[in-house]
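Numbering (this note's numbering), first residue to last: 95 to 440.
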């Protein structure tokens, strides 16, 4: 039984009346409050803690998704945010995992529970910044994600594909964590904030209440092989979701990504089965937490892409539901040489 797990962010979702009974404690890595993974993870933890006897999931909202992936692979965390790009980077030992010597071995210690849409990448700037298109980022201060994060690599590649500009050379790359960056942008410490979120994002909703903002579009026609990266999606953002202070008058085109809820492979099958069953049986409670949740988290999309392979406990539940288990995403299959090259280089 796991005991005494420290919670970095101090966010604990208890079982309430049953708190006195013996429980297994599990730690779940999450991105910052105001971002879709945090909303989904807290809903997931709340449902599991409410309906799965003897289980308590504690959500840690510090660090990057890639950091959580590494901690889970090393047995120091229990749940993380998996994705095809994260698996690719770990197994190829590049980007945030470039110093690893055993990337494939670590990846084999990870498993998947379900897939969801992390949301479209929002490129947000103040309406009076003078920036109306991506090409005007030159010389500006831009937050494209935290150091060592997969999102940082993704956004740098998107901007380079569209404009030819290189992060840290043609524009200043702001190095902060997610929470600090959201607060710093609200304090107007830099020019453009980029992060993925299902709309409307609570973080942007708060800022746009008292400021006029603009969303920048991504020119999909210039993204080339990046569109073939597994888990990549093309999305639009309806600016009216943010009210009249969002100055865009037309839907904004951008890219999104599929990620999910993952778990360490060593977690007992029965535990993961009970957790998976409880979550989907009560998923309407998660849907009630955000207007976009029903679109982002549902059984129709739960197995769209399966990095690292399904945990046997999750697979057991889906078979009972009559769902077809898709092949595990594998990095040794040449899905597209150009896309792989683009993902590897920066």
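We put the CB at the ideal spot given by N, CA and C, even for glycine.
Roughly how many angstroms separate the alpha carbons of residue i and residue j, rounded to a whole number?
i: residue 414; j: residue 190; result: 38 angstroms
i: residue 323; j: residue 223; result: 32 angstroms
i: residue 353; j: residue 142; result: 20 angstroms
i: residue 307; j: residue 379; result: 32 angstroms
i: residue 125; j: residue 158; result: 6 angstroms
i: residue 207; j: residue 233; result: 42 angstroms
i: residue 236; j: residue 416; result: 46 angstroms
i: residue 253; j: residue 178; result: 20 angstroms
i: residue 343; j: residue 238; result: 24 angstroms
i: residue 245; j: residue 180; result: 10 angstroms
i: residue 276; j: residue 185; result: 31 angstroms
i: residue 251; j: residue 260; result: 8 angstroms
i: residue 231; j: residue 148; result: 51 angstroms
i: residue 96; j: residue 411; result: Bear in mind that the predicted position of residue 96 carries a pLDDT of just 43, short of 50, making it unreliable; the figure below should be weighed with that in mind. Taking the straight line joining both Cα atoms gives about 24 angstroms.
i: residue 283; j: residue 420; result: 45 angstroms
i: residue 160; j: residue 174; result: 9 angstroms
i: residue 395; j: residue 200; result: 26 angstroms
i: residue 165; j: residue 393; result: 28 angstroms
i: residue 263; j: residue 355; result: 35 angstroms
i: residue 273; j: residue 361; result: 30 angstroms
i: residue 373; j: residue 150; result: 13 angstroms
i: residue 321; j: residue 296; result: 27 angstroms
i: residue 319; j: residue 386; result: 29 angstroms
i: residue 162; j: residue 357; result: 11 angstroms
i: residue 110; j: residue 116; result: For residue 110, the predicted model reports a pLDDT of 46, less than 50, meaning its position is unreliable and no value from the coordinates is stated.
i: residue 268; j: residue 135; result: 26 angstroms
i: residue 196; j: residue 221; result: 47 angstroms
With DSSP collapsed to three states, give me the class of residue i.
i: residue 370; result: helix
i: residue 422; result: coil
i: residue 288; result: strand
i: residue 118; result: strand
i: residue 432; result: A caution first: residue 432 carries a pLDDT of 48, below 50, which makes its placement in the model unreliable, though a value can still be read off. Here residue 432 sits in helix by DSSP.
i: residue 164; result: helix
i: residue 407; result: helix
i: residue 263; result: coil
i: residue 416; result: coil
i: residue 273; result: helix
i: residue 177; result: coil
i: residue 294; result: coil
i: residue 159; result: helix
i: residue 131; result: helix
i: residue 255; result: helix
i: residue 146; result: coil
i: residue 153; result: strand
Beta-carbon within less than 6 angstroms of residue i's beta-carbon, same chain only, minus the 5 sequence neighbours each way: which residues are those?
i: residue 339; result: 302, 306
i: residue 327; result: 350
i: residue 194; result: 187
i: residue 290; result: 212, 213, 215
i: residue 198; result: 185
i: residue 271; result: 240
i: residue 266; result: 235
i: residue 310; result: 217, 228
Apart from the five residues just before and just after residue i, which ones in its own chain have a Cβ nearer than 7 angstroms to its Cβ?
i: residue 388; result: 381
i: residue 383; result: 133, 137
i: residue 316; result: 255, 256
i: residue 370; result: 207, 407, 408, 411
i: residue 98; result: In this prediction, residue 98 scores a pLDDT of 39, lower than 50, which makes its location untrustworthy; the coordinate-derived value is nonetheless stated afterwards. Excluding residues within five positions, none has a Cβ falling inside 7 angstroms.
For residue i and residue j, which I take to be in contact (beta-carbon distance under 8 angstroms), what is that distance rounded to the nearest angstrom?
i: residue 182; j: residue 422; result: Not a contact, Cβ separation roughly 13 angstroms.
i: residue 145; j: residue 376; result: 6 angstroms
i: residue 333; j: residue 346; result: 6 angstroms
i: residue 122; j: residue 172; result: 7 angstroms
i: residue 409; j: residue 204; result: Contact flag wrong, Cβ pair sits at about 15 angstroms.
i: residue 286; j: residue 331; result: The Cβ separation is near 15 angstroms, so there is no contact.
i: residue 399; j: residue 219; result: At roughly 31 angstroms, the Cβ-Cβ gap does not stay under 8 angstroms, so residue 399 and residue 219 are not in contact.
i: residue 288; j: residue 249; result: 5 angstroms
i: residue 176; j: residue 402; result: 6 angstroms
Between which residues of its own chain and residue i is the CB-CB distance below 8 angstroms, once the five residues before and five after are set aside?
i: residue 336; result: 293, 294, 298, 299, 302, 307
i: residue 364; result: 407
i: residue 312; result: 215, 217, 228, 252, 256, 347, 348, 349
i: residue 431; result: With a pLDDT of 49 at residue 431, under the threshold of 50, the modelled position of this residue cannot be trusted, and the question is left open.
i: residue 139; result: 107, 122, 151, 152, 153
Taking only beta-carbon positions, decide if residue i is within less than 9 angstroms of chain B.
i: residue 221; result: Among the chains of the structure shown, chain B does not appear; only one protein chain is present.
Taking 8 angstroms as the line, does the beta carbon of residue i fall inside it for any heavy atom of the ligand SAH?
i: residue 402; result: With respect to the ligand SAH, the structure offers nothing, as it holds no ligand at all.
Ordered list of alpha helix (DSSP H) runs contained in the region 185-250, each at least 4 residues: 197-201
Which ranges would you report for the alpha helix (DSSP H) in the region 304-388 if only whole runs of at least 4 residues count? Listed in chain order, they are 363-375, 377-381.
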